[in-house]
Amino acid sequence: MVNGFQQDHPHLQHHSDEEYVVSLSSEWYAGGARCGKTIRIANSGHLYINAMVVDECAGCDNEVGASIHIWRNFRLDPSLGQADIKWSDLDTST
Numbered sequence: 082m083v084n085g086f087q088q089d090h091p092h093l094q095h096h097s098d099e100e101y102v103v104s105l106s107s108e109w110y111a112g113g114a115r116c117g118k119t120i121r122i123a124n125s126g127h128l129y130i131n132a133m134v135v136d137e138c139a140g141c142d143n144e145v146g147a148s149i150h151i152w153r154n155f156r157l158d159p160s161l162g163q164a165d166i167k168w169s170d171l172d173t174s175t
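Residue 82 is where the sequence shown starts when you use my numbering, and the numbers rise one by one after that.
In C-alpha cells form, the structure reads like this:
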C-alpha cells in the first residue's frame, strides 16, 4: 500500500484523502473492471477496511494506492510511504 494520491489523477478530482478510496496497479485494475468495486484491505495487525476502487495506478507494480484516511485508520504514519497489506474483492462480480 502506498500513501495518498497524486493530484494529477483526473478520476480522483471528486475524491479526497478523507474517503475510503484506493487506486490499483494496472494488472489488478483489470482495464477498469474493478473501478467502483469495493475491496477489503487488511494490515498486519488484522484490522480490516473496506474501500472503493476509483482509479488505476499506471506504472505501479502490485500496489494499492490508499487515501490518507485509510492510513490513519490503520494507525500508520503516511510518511512511511509504503506498508504491507493484503486485499481481496468484496464485489464478486469482478
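Where is the CB? At the ideal position from N, CA and C, for every residue including glycine.
Handout entry: Proximity winner among Leu-171, Pro-159, Phe-155, relative to Ser-125 (alpha-carbon distances)
Key = Phe-155
Handout entry: Proximity of Tyr-110 and Glu-137 at Cβ, strictly below 9 angstroms
Key = yes
Problem - Among Leu-128, Gly-113, Ile-120, Val-135, the one whose alpha carbon lies nearest that of Trp-176 - result: The chain is shown only over 82 to 175; residue 176 falls outside these bounds and no answer can be derived.
Exercise for the section: Give a yes or no on whether the C-beta atoms belonging to Pro-159 and Ile-149 are separated by under 9 angstroms. Expected result: yes
Handout entry: For Ala-123 and Asp-98, the rounded distance between their alpha carbons
Key = 19 angstroms
Practice task
Consider the C-beta atom of Ser-125 and the heavy atoms of the ligand ZN; say whether any pair is separated by less than 8 angstroms.
Solution key: Although the ligand ZN was asked about, the structure shown includes no ligands whatsoever.
Practice task
Give the DSSP-derived three-state secondary structure of Leu-161 in the structure shown.
Solution key: helix
Problem - Contact check, Val-145 vs Leu-171, beta carbons under 9 angstroms - result: no
Exercise for the section: Output yes or no for whether 9 angstroms exceeds the beta carbon distance between Val-135 and Gly-117. Expected result: yes
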